[in-house]
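Under our numbering, read the sequence shown as residues 248 to 385, first letter to last.
Glycine included, each C-beta is placed from N, C-alpha and C at the ideal position.
Below is one structure; the comments refer to it alone.
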Amino acid sequence: MKNMSAGIIIGIVMIFAGIVVMLVSISRPNRIEICDGSLVISGSYPMTVTPDGIKTAELLDSLPKITIRTNGIALGNSMTGHFRMKGIGACRLYLKMNRPPFVHVVTSGGKHIFFNTEDPTRTRELFDALNRSKASPE
């Protein structure tokens, strides 16, 4: 009986530790960069979009309504992963909801990506770099 109780306690501690590690790792902000003209997002739900894979990019002051999270993380004002938005459908979000502006990228394959950073100036810099890379001849 004593061994069973110890096993249950160890199991509960291990589950709790696993949950804490998972929450800490997913709560870290994504790193968003423009590298060699490509949009590179690392961290949770990483992705890379090359310059020829970008159809359009626009800077927004507000977002379409998020209708559902399909496979993502929604912690406080942070939204990361796969979501659906009104009028758009499936999309990827890498957002701090309370920090406009937001960059909306549509890929040549028709996928929608929305991102921003904690710093509005940095978000604008990324948007400008993205547009410069699209305009540069290969």
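From which residue to which residue does the beta strand (DSSP E) around residue i run?
i      : result
LEU340 : 336 to 343
ASN318 : 313 to 322
LYS302 : 301 to 307
THR327 : 325 to 332
LYS354 : The question names Lys, but residue 354 is Thr in the sequence shown. Counting along the chain, the beta strand (DSSP E) containing THR354 begins and ends at 349 to 354.
THR364 : Counting along the chain, THR364 falls outside any beta strand (DSSP E), and DSSP gives it neither H nor E.
THR297 : Per DSSP, THR297 belongs to no beta strand (DSSP E) and is neither H nor E.
Using only CA atoms, which one of the options lies nearest to residue i?
i      : options                        : result
ALA337 : GLY323, ARG346, VAL353         : VAL353
GLU365 : LEU322, LEU342, VAL287         : LEU342
PHE374 : LEU286, THR317, ARG346, ARG339 : LEU286
ARG369 : ILE335, PHE349, LYS333         : PHE349
MET332 : LYS358, LEU322, PRO347         : LYS358
GLY323 : MET261, ASN345, ILE288         : ASN345
ASN363 : ILE255, GLY284, ILE288         : ILE288
ASN378 : PRO367, PHE330, PRO347, GLY284 : GLY284
ILE335 : HIS329, PRO311, THR317         : PRO311
Just mark residue i as buried or exposed, buried being the case when its beta carbon has 16 or more other beta carbons within 10 Å.
i      : result
ILE315 : exposed
VAL389 : The question about residue 389 has no answer, for the chain in this structure spans 248 to 385.
ILE396 : The structure shown has nothing for residue 396, since the chain only spans 248 to 385.
SER380 : buried
What are the residues that DSSP puts in a beta bridge with residue i?
i      : result
GLU280 : VAL287
Residues in its own chain within less than 7 Å of residue i by CB, not counting five upstream and five downstream?
i      : result
THR327 : ASN277, SER291, TYR292, GLY319, ILE320, LEU340, TYR341
Once you ignore the five residues that flank residue i on each side, which residues in its own chain have a CB closer than 6 Å to its CB?
i      : result
SER355 : GLY300, LYS302
HIS351 : GLU305, LEU307, PHE361
ALA376 : ILE281
ILE256 : none
PRO347 : ASP308
Near residue i, what residues of its chain come up, given a Cβ to Cβ distance below 8 Å and the 5 sequence neighbours on each side ignored?
i      : result
SER325 : SER274, PRO276, LEU342, LYS343, MET344
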